[in-house]
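Inspection log for the structure reproduced underneath, given as structure tokens.
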Amino acid sequence: MMKNIWWILLLSFGVQANETYKKEGVLEFEYGDGQHGEYITRYHLQTDAGKLSLNFSDVFMKKAPIHGWLGKRVEIQSQTPIKASGEQRVNVIKLIENVAGSNVSGSQPWVSIACKFNDVAVEPNDQAYFNGMYANQPGGLDHYWREVSHDTINVAGSMAVDWVSLPSDREVYVPVIDGSEDADLDLLFEDCTAASDHLVDFSDAGNGSAFAGINMMFNDDLDCCAWGGGKWYLLDGVQKVWRVTWEPPWSYSNEGVIAHEMGHGFGLPHANNSDGDGNPYDNVWDVMSSATGFAVDDNIYGRLGKHINMSFKRRLGWVNDNEGYIAQADSDETVIIDETSMASTTNERFALIPLSDGSYYTVEARMKRGNYESNLYGEGIVIHHVIEGRSEPPWVVSTDNPQSDNERREGEVWKVGETFVDGIDGFSVEVLSVTSNGFQVRIKSIDDLIFADGFDS
Ligand SMILES: [Zn+2]
Numbered sequence: 161m162m163k164n165i166w167w168i169l170l171l172s173f174g175v176q177a178n179e180t181y182k183k184e185g186v187l188e189f190e191y192g193d194g195q196h197g198e199y200i201t202r203y204h205l206q207t208d209a210g211k212l213s214l215n216f217s218d219v220f221m222k223k224a225p226i227h228g229w230l231g232k233r234v235e236i237q238s239q240t241p242i243k244a245s246g247e248q249r250v251n252v253i254k255l256i257e258n259v260a261g262s263n264v265s266g267s268q269p270w271v272s273i274a275c276k277f278n279d280v281a282v283e284p285n286d287q288a289y290f291n292g293m294y295a296n297q298p299g300g301l302d303h304y305w306r307e308v309s310h311d312t313i314n315v316a317g318s319m320a321v322d323w324v325s326l327p328s329d330r331e332v333y334v335p336v337i338d339g340s341e342d343a344d345l346d347l348l349f350e351d352c353t354a355a356s357d358h359l360v361d362f363s364d365a366g367n368g369s370a371f372a373g374i375n376m377m378f379n380d381d382l383d384c385c386a387w388g389g390g391k392w393y394l395l396d397g398v399q400k401v402w403r404v405t406w407e408p409p410w411s412y413s414n415e416g417v418i419a420h421e422m423g424h425g426f427g428l429p430h431a432n433n434s435d436g437d438g439n440p441y442d443n444v445w446d447v448m449s450s451a452t453g454f455a456v457d458d459n460i461y462g463r464l465g466k467h468i469n470m471s472f473k474r475r476l477g478w479v480n481d482n483e484g485y486i487a488q489a490d491s492d493e494t495v496i497i498d499e500t501s502m503a504s505t506t507n508e509r510f511a512l513i514p515l516s517d518g519s520y521y522t523v524e525a526r527m528k529r530g531n532y533e534s535n536l537y538g539e540g541i542v543i544h545h546v547i548e549g550r551s552e553p554p555w556v557v558s559t560d561n562p563q564s565d566n567e568r569r570e571g572e573v574w575k576v577g578e579t580f581v582d583g584i585d586g587f588s589v590e591v592l593s594v595t596s597n598g599f600q601v602r603i604k605s606i607d608d609l610i611f612a613d614g615f616d617s
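Going by this note's numbering, the sequence shown opens with residue 161, and the numbers climb by one from there.
Structure (structure tokens):
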């Protein structure tokens with residue numbers, strides 16, 4: 161029945177309708193992650209006529225829940241005529257495809273292609289390194305994604321092909337624009353896939369269907385950044401949004417960065433902490449924020465990925481609400497939440513607390529265990545406040561006014577005897593005890609009278 165419902169989300173800010181111009185196409189994102197902390201997000205509309213860079217106002221971006229719309233068909237509306245290419249100001253964007261399509265499940269094979277700039281000879285790693293990175297054993301990406309997705313996805317069938325040379329020198333792909341290097345991601349993609357095409361059939365991953373994603377390994381720096389996102393393109397007869405990453409040597413020397421960029425390829429934005437500084441890389445509990453912080457070190461593949469927060473797992477369909485405890489407005493419930501890397505559990509994987517303003521909390525348990533979590537900052541309950549329209553929807557909550565980074569991280573992990581009290585609806589989350597695989601937690605709504613009297617919201 162649901163499939164007959166076309167969800168339409170309409171966002172409109174400050175539009176004085178004289179004449180409205182419309183265009184339909186596929187929404188593409190590119191997330192740039194800088195080696196030195198730079199962060200860039202670009203939005204494109206791929207139309208039949210070409211590719212537009214979408215320009216939204218700040219107000220629009222703060223309210224637009226478009227971060228789950230990678231690869232979706234949308235209609236943009238503008239007060240200015242729609243161009244064939246270049247930058248387009250957008251006043252309205254409509255999703256014209258079922259929102260449930262953000263699930264990622266099953267076989268997700270990727271291919272790594274390795275491309276050398278014509279004027280750069282070095283091959284930082286060999287084909288065996290890139291092939292081994294996909295292994296289904298601890299430290300390999302197939303093993304990693306199976307664990308992180310609770311066996312919802314695998315990347316079995318992923319493979320790497322050997323180095324090929326690009327037709328042009330690095331400066332053609334990474335021109336200096338206004339004094340800084342700016343990688344031409346489209347040209348890099350087009351030339352790297354073309355140069356590798358004799359080595360790989362992009363339409364056949366050996367499982368009867370096309371590769372899901374393409375990791376492009378380059379032999380020198382791009383611009384500031386490693387990049388991940390999606391690209392609408394025709395390869396070996398298959399036209400679709402490919403999951404794509406653009407990786408310089410510093411990124412593939414730490415598999416956690418590759419995991420982060422692949423996460424963008426799966427449609428995820430960043431997670432953040434609550435310090436309000438805009439830097440989206442300082443949530444040390446999430447590979448989609450701090451890709452390598454407090455990560456497990458592998459002697460071949462460097463810092464490995466950690467888990468991702470429960471709101472992202474839920475968005476991708478890697479956990480469902482039957483596996484968690486969903487609080488009600490009058491809840492007072494004690495539940496056991498098992499640590500996030502458990503392969504299976506009869507306890508809760510998470511708790512979710514919906515709030516009256518439309519935002520919500522996720523409550524998860526983290527322990528220093530296993531192949532990807534054993535170097536975490538600490539052990540306890542970690543709570544994210546999630547506002548879906550925010551550029552980083554989940555922010556890990558902390559006790560107030562930390563004086564240092566370590567104090568802030570300490571405030572983000574709730575231990576036995578500690579209680580988080582929410583300032584929106586007055587829920588409390590009290591950590592009662594440690595259990596064999598997690599924590600016993602009491603989740604309680606506090607009635608309005610006490611809330612009004614006792615808490616400063
Ligand atoms: Zn990123």
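Note that the Cβ used here is the ideal one computed from N, Cα and C, for glycine as well.
Keep in mind the model is a prediction, meaning the values are calculated, not measured.
Euclidean distance between Cα positions of residue i and residue j
i	j	result
V573	D381	36 Å
F173	Q248	Low per-residue confidence applies at F173: pLDDT is 45, beneath 50, and the placement is therefore not dependable, though the value from the model is reported in the following sentence. About 16 Å.
M162	N263	Interpretation of M162 is limited by its pLDDT of 37, a score under 50 that renders its predicted location unreliable; the figure taken from the coordinates is listed afterwards. Going from the Cα of M162 to the Cα of N263 covers about 15 Å.
D565	P327	46 Å
L359	T353	10 Å
D279	C384	20 Å
I606	W229	36 Å
L609	S491	Only weak support is given to the placement of L609: the predicted model assigns it a pLDDT of 40, under 50, and the question is left unresolved by the model.
Q287	M377	11 Å
R463	E283	21 Å
K211	W270	25 Å
Q297	S450	23 Å
V417	Y532	14 Å
C275	S356	8 Å
S325	H310	38 Å
R330	D342	11 Å
V234	T207	10 Å
Integer-rounded CB distance, given that residue j should sit under 8 Å from residue i
i	j	result
F599	G538	That pair is no contact at about 12 Å.
L205	K232	No, L205 and K232 are not in contact; Cβ-Cβ is about 11 Å, not under 8 Å.
Y520	A419	Not a contact, Cβ separation roughly 25 Å.
V601	I497	6 Å
V556	V542	6 Å
G530	S501	5 Å
E524	F510	5 Å
E415	G453	The pair is not a contact, with the Cβ atoms about 14 Å apart (cut-off 8 Å).
H227	P408	About 24 Å; that fails the 8 Å criterion.
C-beta atoms of residue i and residue j nearer than 7 Å
i	j	result
D446	A431	yes
T522	M470	yes
G397	S363	yes
I242	Y181	yes
I513	F580	no
G317	G366	yes
Q268	V308	no
S265	G477	yes
G373	R403	yes
D458	G571	no
S272	N375	yes
F277	A320	no
L515	D437	no
S551	V456	no
F189	G389	yes
G518	P225	no
I252	F216	As written in the sequence, residue 252 is Val, which differs from the Ile given in the question. No, Cβ-Cβ distance for V252 and F216 is not below 7 Å.
Exposed unless 16 or more other CB atoms sit within 10 angstroms - verdict on residue i
i	result
I460	exposed
Q399	exposed
P554	buried
K183	buried
W167	In this predicted model, W167 has a pLDDT of only 36, less than 50, meaning its place in the structure is not dependable; the value taken from the coordinates is given anyway. The residue in question, W167, is exposed, as its Cβ has fewer than 16 Cβ neighbours within 10 Å.
W387	buried
E179	exposed
Q237	buried
W406	buried
P440	buried
E104	The first residue shown for the chain is 161 and the last is 617, placing residue 104 beyond what the model contains.
T494	exposed
P335	exposed
G197	exposed
A487	buried
E421	buried
*Heavy atoms of ligand 1 versus C-beta positions, residues under 5 Å*: Y191, D193
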